[in-house]
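First comes the structure, then the notes that go with it.
2 protein chains.
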Amino acid sequence: MKDFTFNIPTKIYFGKDNLDKLPEEIKKYGKKVLLVYGKNSIKKIGLYDEIVELFKKNDIKYWEVSGVVPNPRIDKVRKGVEIVKKEKIDFILAVGGGSTIDTAKLIAVASPIEEDPWDIVIRKVTPKKGLPIGTILTLSATGSETNTSSVITNEETGQKLGWASEYAMPKFSFMNPEYTTFVNSYHTAAGTSDIMSHTMENYFSLNDGAYLQDRMAEAILKTCIYYGPIAMKDPDNYEARANLMWAGTWAINGLLDSGKDTAWSVHPMEHELSAKRDITHGVGLAILTPYWLEYSLSEKTEEKIADFGYNVFDIEKGNSKREDAEEAIKALREFFISLGIPKRLRDVDFKEDELRDMAKNCVENRIKPEINGFIHLEEEDVYQIYKMAF
Amino acid sequence: MKDFTFNIPTKIYFGKDNLDKLPEEIKKYGKKVLLVYGKNSIKKIGLYDEIVELFKKNDIKYWEVSGVVPNPRIDKVRKGVEIVKKEKIDFILAVGGGSTIDTAKLIAVASPIEEDPWDIVIRKVTPKKGLPIGTILTLSATGSETNTSSVITNEETGQKLGWASEYAMPKFSFMNPEYTTFVNSYHTAAGTSDIMSHTMENYFSLNDGAYLQDRMAEAILKTCIYYGPIAMKDPDNYEARANLMWAGTWAINGLLDSGKDTAWSVHPMEHELSAKRDITHGVGLAILTPYWLEYSLSEKTEEKIADFGYNVFDIEKGNSKREDAEEAIKALREFFISLGIPKRLRDVDFKEDELRDMAKNCVENRIKPEINGFIHLEEEDVYQIYKMAF
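In order, the protein sequences belong to chains Y and R.
Going by my numbering, the letters in the first sequence line up with residues 1 to 390, in that order.
Going by my numbering, the letters in the second sequence line up with residues 1001 to 1390, in that order.
Written as structure tokens, this is what we have:
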């Protein structure tokens, strides 16, 4: 196990009846709030009114940035920064899923600087401070509610890039699984896939002695496999929604990769998909992951993939490690297909002749033109995986 | 899943090469430190000298309370509070295992009050603030490094009682598994049992829908079962020591009981043992737990206990739930025996005629004279469990 630091100071209010604590939490940090949210869903479910009511009762002033979309854009961030600077706002409240929270994070660290927010994403500027952020989570997927990461898309440059800063860590997060009962079946599948992908990106590594972390990862995967289909069939099932929401947090808050070397592999490959087609992130991940595992399968990796099969899909030992690993990958693909995830890139409108460029972009968008993860990937490898997935 | 809040702000430095960060972490909070430790072990392993050297280099003044013993006593707390008040100390650094950290916690919250520290333990006084605490952990067991709880013994009254306060949460914890390579085989077994007991106290509950938390608990139990024996046979095995240390934290930092009703059952029963005989806490827990499960086994509980067998001990399904549950309890007992834990209370010098009084004390030391855990226990039930374990 490698040395690491672990620190998640975010205070979590989890459950149905906590929102009345919102004003006192905000008031620890400020009284002028920028409310960041997506389209109309928080209005439809009554959450917007509830928040505004609490603000009014507690003398909290607020401004709004709304209309944040999946694969969130830099333009909303610029808009937010402008309002923060003009109105001297002292607190950012994100209400929504990962896209909304990711947008709020960049607004928070870009507001104190003179440069363009995109400069932070491309590492031209390093944040030195940030406005305090709080979140109210309405979608179980990205885990953005308790970590320092964010992914932003720049349509002008065609880039979708991740960045992180300790100053982007939310101070608190309200997590009410009831809000997610309004998430439709398709997005429930995509969110479940996203959680599983985060878990697998952290899980698939070799010989790092992080046994506990890998058993924890299996716990999250089992939870997703058990409750994903239940939440899709029975959207109001609180137990399913609560388990998925809590799993989403733990997949990516620093526990699973503590003490491990985990250069994520499928996420950078997927970012090229959703930068190009605006497909749902979790869907892209679920399409690519089984092909990536197939491409990764070798004498070196077969034991880990077989363990994944035994411990997550209850595959019985008995055949060779290679055969068991193949069965594990098959079980994973079948699970995603059972959620209604398309099997191939062609099913979500990709053309074979654009795969080469995508592979090129994928590695070029990195600090080093390679992915040094479970197995080492260069442009040609990424291209081969795209082709297998096509 | 019940509503809950989750908040572990403690910054963790985990691994071999972090101690140089100690001065900067302390200086965030103060410059006059009370160093709390046990007997000579931190001197033997060179840690004491390393800390003192860092203090001197960084102009940090320090005072000492040493000689903290397992089942730590209120007298050391009083001594610490006296020094803090006299010297206007602004930071408490605990270097050791759970007993040392538990002592430091009570010093921290008792220093700002006029009343006797024991008044906090017996709930006569509620802490309103506390001095900041940091810890350097040298034993994998109690998990006290990232929670708000502490257990203190009062020899005058014959009581060993737990208490907790948000003001007792450590600001940071340095966790270097190498320090624990000096822990002997017996205490490694006891520490492993303690971690497993915390996990099982959180795990054994009924119908709460906390599926993820229970799979997480199984991950910790599997880690203890895998690495406990390795650490005993090969004390310098870093991987084993690291996994046990990290497991110890997660067993009791709020994750496993999030969303659950978990009134602990075996701990209050064990506290009567170690208040009376000064036996190692983890040993007492390991003796009692299988008998408690046997006593708890019923139509209502057999499925949960059987699941424990399937998921933790890889017991094959096939027989009745009752039989599988019985096999699970047997596997647990055999595991503890394989660690060298005595099987019965008589093996650690208890007499049959003192069990009734112990049962009486066990429930009387509680706010309500009962234990409302996995199954409801009153004095007679506790007595029966002690008798089974005798």
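In this text, a Cβ means the ideal position worked out from N, Cα and C, and glycines have one as well.
Keep in mind the model is a prediction, meaning the values are calculated, not measured.
Would you check if the distance between the CB atom of residue i and the CB atom of residue j is smaller than 7 Å?
i, j, result
"E201/Y", "W264/Y", "yes"
"A1210/R", "G1130/R", "no"
"A110/Y", "G191/Y", "no"
"G1254/R", "F1006/R", "yes"
"G15/Y", "D1003/R", "yes"
"M1216/R", "T1188/R", "no"
"I315/Y", "A328/Y", "yes"
"G1162/R", "G1248/R", "no"
"A219/Y", "M1001/R", "no"
"T153/Y", "N71/Y", "yes"
"Y203/Y", "D194/Y", "no"
"I1305/R", "A1389/R", "no"
"I1136/R", "V1069/R", "no"
"V1033/R", "Y1062/R", "yes"
"T1181/R", "P1235/R", "yes"
"K321/Y", "E302/Y", "yes"
"E1364/R", "E1370/R", "no"
"M1175/R", "M1269/R", "no"
"L1022/R", "L1054/R", "yes"
"T1100/R", "V1036/R", "yes"
"K1088/R", "V1065/R", "no"
"P1177/R", "Y1238/R", "yes"
At a threshold of 6 Å, does residue i count as lining the ligand ZN (C-beta to nearest heavy atom)?
i, result
"V36/Y", "Ligands displayed in this structure: none; no statement on the ligand ZN is therefore possible."
Taking the continuous alpha helix (DSSP H) assigned at residue i, which residues delimit it?
i, result
"S1150/R", "Per DSSP, S1150/R belongs to no alpha helix (DSSP H); it is in the beta strand (DSSP E), 1149-1154."
"T280/Y", "Unbroken run through T280/Y: none, as it is neither H nor E."
"D349/Y", "From DSSP, D349/Y is part of no alpha helix (DSSP H); its letter is neither H nor E."
"T1262/R", "Careful: T1262/R lies outside any alpha helix (DSSP H) and carries neither H nor E."
"S140/Y", "That residue, S140/Y, is in no alpha helix (DSSP H); it is neither H nor E in DSSP."
"F308/Y", "302-313"
"F55/Y", "47-57"
"E218/Y", "211-233"
"Y386/Y", "379-389"
"S1041/R", "1041-1044"
"N243/Y", "238-250"
"R1073/R", "Taken as a continuous stretch (DSSP letters only), R1073/R belongs to no alpha helix (DSSP H), as it is neither H nor E."
DSSP three-state label for residue i, please.
i, result
"T289/Y", "helix"
"S173/Y", "strand"
"R1123/R", "coil"
"A94/Y", "strand"
"K1330/R", "helix"
"K31/Y", "coil"
"V1036/R", "strand"
"K1160/R", "strand"
"N372/Y", "strand"
"L1345/R", "helix"
"R366/Y", "coil"
"L1206/R", "coil"
Considering residue i, what are the terminal residues of the beta strand (DSSP E) in which it resides?
i, result
"T188/Y", "Segment 185-203 is the alpha helix (DSSP H) holding T188/Y; no beta strand (DSSP E) there."
"Y1062/R", "1061-1065"
"L1137/R", "1133-1137"
"T5/Y", "4-14"
What in chain R is Cβ-close to residue i, meaning under 9 Å?
i, result
"S165/Y", "Within chain R, no residue comes near S165/Y; the closest Cβ sits about 17 Å away, beyond 9 Å."
Closer than 7 Å by beta-carbon distance: list the chain Y residues that pair up with residue i, in chain order.
i, result
"I1012/R", "T5, F6, N7"
"E1064/R", "Result: empty, since nearest Cβ-Cβ is about 28 Å, beyond 7 Å."
Which bits of chain Y does residue i rub up against, with CB to CB less than 9 Å?
i, result
"K1079/R", "Result: empty, since nearest Cβ-Cβ is about 32 Å, beyond 9 Å."
Using a cut-off of 8 Å between C-beta atoms, extract the partners of residue i located in chain Y.
i, result
"D1017/R", "D3"
Open item on the list: Please identify, using Cβ separations under 7 Å, the residues of the stretch 198-213 of chain Y that lie next to chain R, in order along the chain.
Closed with: Against chain R - using a Cβ distance shorter than 7 Å - the residues of the stretch 198-213 of chain Y are G209, Y211, L212.
Task: Under 8 Å (Cβ pairs) to chain R, residues found in the stretch 216-232 of chain Y - done: Residues M216, E218, A219, I220, K222, T223, Y226, Y227.
Open item on the list: Beta carbons nearer than 9 Å to chain R: which residues of the stretch 256-271 of chain Y have them?
Closed with: Residues S258, G259.
- [ ] Pull out every residue of the stretch 1236-1247 of chain R whose Cβ sits closer than 8 Å to any Cβ of chain Y, in chain order.
- [x] Under the 8 Å Cβ criterion, the stretch 1236-1247 of chain R contributes Y1238, E1239, A1242, N1243, W1246, A1247.
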